[in-house]
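Before any comments, here is the structure.
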DNA sequence: CAACGTTGATAAAACGGTTTCTCACCCAGC
DNA sequence: GCTGGGTGAGAAACCGTTTTATCAACGTTG
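Protein chains in written order, with the working numbering: chain A, 1 to 346; chain B, 347 to 692.
What follows is the structure in structure tokens.
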């Protein structure tokens, strides 16, 4: 097949025997004309395989049907599901996504923002990997709408984050419901806002006897924390709520090596529901899913609304997490399992 | 700061006291004029903060300075580094990247391809997660250039893949150099082309006594394979070359649980150099890195050349892998370590 | 001094659509 | 028969840039 010249609306008009103006109006369902004329134009357009040139269209209308996704999460663990959600929400509106990875490089960020402006994006979604850090770019007085996802934005911005407190609460309550009496919390560095939020919920549910161990976000820390707990005097924990799945995996491995059975002796729950870690753990890890894809979808919907000129109320929106029960916390109360799942759904 | 109206080249021309045509030529370093005039225009443009409207520009020139990246690798493990490389190669040429995740959905793929055409992308990079599978879209007779990365393309296409055979060879030769006499190969399903390529290289280096175990790409399979090998009669392996890092991690864990020391008793090498797995393994895993980011860069360079109308010879290009030595294969020959690294570099 | 090539700059025509205005036409009402 | 309002369609302007064609002014040359 030869590289056919692209069909222009001019061609459609000529074949259909109308003017370009009429053709345009027919295809966009605007203007006034006979239903007959409109159909004829539409049919010839279809027959010719006409597709409007998005550039030309963007030039007159003030929309490019393009948005920019700015992120500093190169590894993609958090951003990838968000991206998928955004794309999903936008694809059937004909909106495409520019992906801009900026690491933590302010200069690179500026380059990408400028490029986006030049390309007339209808909006920008700024996605991060940490709720309490900003991206190294200033998007505060752009002429285009901005939505912040999983990152900190200016006070009056539209921001989407996960509800860490709620997620943690679900997890700890689940452990308590299973009958666990001594639940400890092994988590990341106290400097993270999400660590604080999760800890707050944990302390709230557990009350007296709460015990929190802070360390790096690594498997190694999970090992070490278990060592500390089990080498200490007194009764050992029978439930462990971990700050993320990597720590949880370290914990589970360490327990196995000590001959402590999970979930019979100890129930373990992680956070993030990072499939690749949670599923490979033996036994597979229960974990709190932050619904990042849904966050992406919501971001897509919002940016679309804004692009269409609709008003969206500013502020921070916390989206609910969902506990995903696998085998690492046991199924003593299997009867109430599905019940719990349903109750915990978003 | 008010949402300033965008400055058009018209404004620059007026302020600089020249015609729009002159302004355009001044800024693009084309046409003829006094050096003085050119400077004056450039300076007023800078002073006004003029940035050309990319849409309008794309309409006249035949380039949008935009390319599309089509991928079915939603999880992003392979595509993410590729994307980073592509973006890196293109950003300073002012080229932006449309990201299009299509899963394995042909209809979705078609939608994205159509959208890209409408938006006049200068080229498409099709990136996959498996060398011997095609993306569910037909890009063969588009009017725009296409580069295939880490996926199978049509026979006469420009395709970039990793040189699995060379990578495997480096790994196995390294094990042999360390003095390992009984090296086995635990790998993925035989249906994968990359499995075959790696196996070929392995057999080539080991010769007599080669032993290959095929299974799924999972940690669990690593465990099981070790069980098979160590429960069998006769001498145990002293070197294991694994088909990917997940299997390798399973292998290392299983060996530790059996009291077999890595790397003292057995040297282990993985494949993919998936940081998150390789680094968390105890001890950290030596692994073959496929240089995916460099592959992305190369893809970016190629698509750029094609977009500029330059000819690029078709065919499959195998890009070299690089062995990354960590602790899982020992350092008996530490003296030749850096030597080896240097020799194995790309 | 006329013819001519250069030079610096401009007007105007693209690019491919959308949108605003204008207008011919038809029919109803007086 | 004249006016007026609604209807269907087209001419033309516009979006913001690049590019081609044109042109005046100037210096050179025969």
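Backbone N, C-alpha and C fix where the C-beta goes; we use that ideal spot for every residue, glycine too.
Being a predicted model, the structure only gives us computed values, none of them experimental.
Item: Name the DSSP beta bridge partners of residue 289 of chain A, please?; Value: A:322
Item: Smallest Cα separation from residue 88 of chain A: which of B:351, B:666 and B:449?; Value: B:449
Item: Verify the CB distance criterion: does residue 1 of chain A have a CB-CB separation below 8 Å to chain B?; Value: Any reading at residue 1 of chain A must be qualified, since the residue scores a pLDDT of 43, below 50, and its modelled position is unreliable; no value is offered.
Item: Can you list the residues of chain B that residue 64 of chain A reaches, using a CB-CB cut of under 8 Å?; Value: 401
Item: In the DSSP assignment, what are the bridge partners of residue 128 of chain A?; Value: Bridge partners of residue 128 of chain A: none, in fact.
Item: Return helix, strand or coil for residue 123 of chain A, following the three-state DSSP convention.; Value: strand
Item: Could you check where the beta strand (DSSP E) with residue 214 of chain A kicks off and where it finishes?; Value: 212-214
Item: List, in chain order, every chain A residue whose beta-carbon is nearer than 8 Å to that of residue 466 of chain B.; Value: 53, 54 and 55
Item: DSSP three-state call for residue 524 of chain B: helix, strand or coil?; Value: coil
Item: Please classify residue 228 of chain A as buried or exposed, where buried requires at least 16 other C-beta atoms within 10 Å of its C-beta.; Value: exposed
Item: Quick one: give me the first and last residue of the beta strand (DSSP E) that residue 148 of chain A is part of.; Value: 146-149
Item: Alpha carbon to alpha carbon, what distance is there between residue 143 of chain A and residue 295 of chain A?; Value: 24 Å
Item: Does the beta carbon of residue 111 of chain A come closer than 8 Å to any beta carbon on chain B?; Value: yes
Item: Determine, for residue 575 of chain B, whether the minimum Cβ-Cβ distance to residues of chain A falls below 8 Å.; Value: no
Item: Check whether the stretch 245-253 of chain A touches the stretch 263-282 of chain A, counting contact only when three or more Cβ pairs, one atom from each stretch, lie closer than 8 Å.; Value: yes
Item: Of all Cβ atoms in chain A, is any one closer than 8 Å to the Cβ of residue 404 of chain B?; Value: yes
Item: Just how far apart, CA to CA, sit residue 82 of chain A and residue 149 of chain A?; Value: 8 Å
Item: DSSP on residue 343 of chain A, reduced to helix/strand/coil?; Value: Note that residue 343 of chain A scores a pLDDT of 37, beneath 50, so its modelled location is shaky; the value from the coordinates is reported in the next line. Reduced to three states, the DSSP call for residue 343 of chain A is helix.
Item: Applying the criterion that 16 or more other CB atoms from any shown protein chain within 10 Å of the CB defines a buried residue, is residue 365 of chain B buried or exposed?; Value: exposed
Item: Is the CB-CB distance between residue 84 of chain A and residue 44 of chain A below 8 Å?; Value: no
Item: Which parts of the stretch 17-63 of chain A are runs of the alpha helix (DSSP H), unbroken and 4 residues or longer, counting only runs that do not cross its ends?; Value: 20-27, 35-48 and 54-60
Item: By the three-class DSSP mapping on this structure, what secondary structure does residue 137 of chain A have?; Value: coil
Item: Taking 8 Å as the CB-CB limit, is residue 150 of chain A close to chain B?; Value: no
Item: When the Cα atoms are used, what is the spatial distance from residue 604 of chain B to residue 589 of chain B?; Value: 21 Å
Item: Write down the C-beta distance between residue 128 of chain A and residue 145 of chain A rounded to the nearest angstrom, noting that I regard them as a contact closer than 8 Å.; Value: At roughly 18 Å, the Cβ-Cβ gap does not stay under 8 Å, so residue 128 of chain A and residue 145 of chain A are not in contact.
Item: Using a beta-carbon distance below 8 Å, is residue 191 of chain A in contact with chain B?; Value: no
Item: Hey, how far is the Cα of residue 292 of chain A from the Cα of residue 166 of chain A?; Value: 15 Å
Item: Nearest chain A C-beta to residue 297 of chain B closer than 8 Å, yes or no?; Value: Since the displayed chain B opens at 347 and closes at 692, residue 297 of chain B lies outside it and no answer follows.
Item: So what does DSSP say about residue 458 of chain B, is it helix, strand or coil?; Value: helix
Item: Just the Cα atoms here: how many angstroms apart are residue 318 of chain A and residue 587 of chain B?; Value: 46 Å
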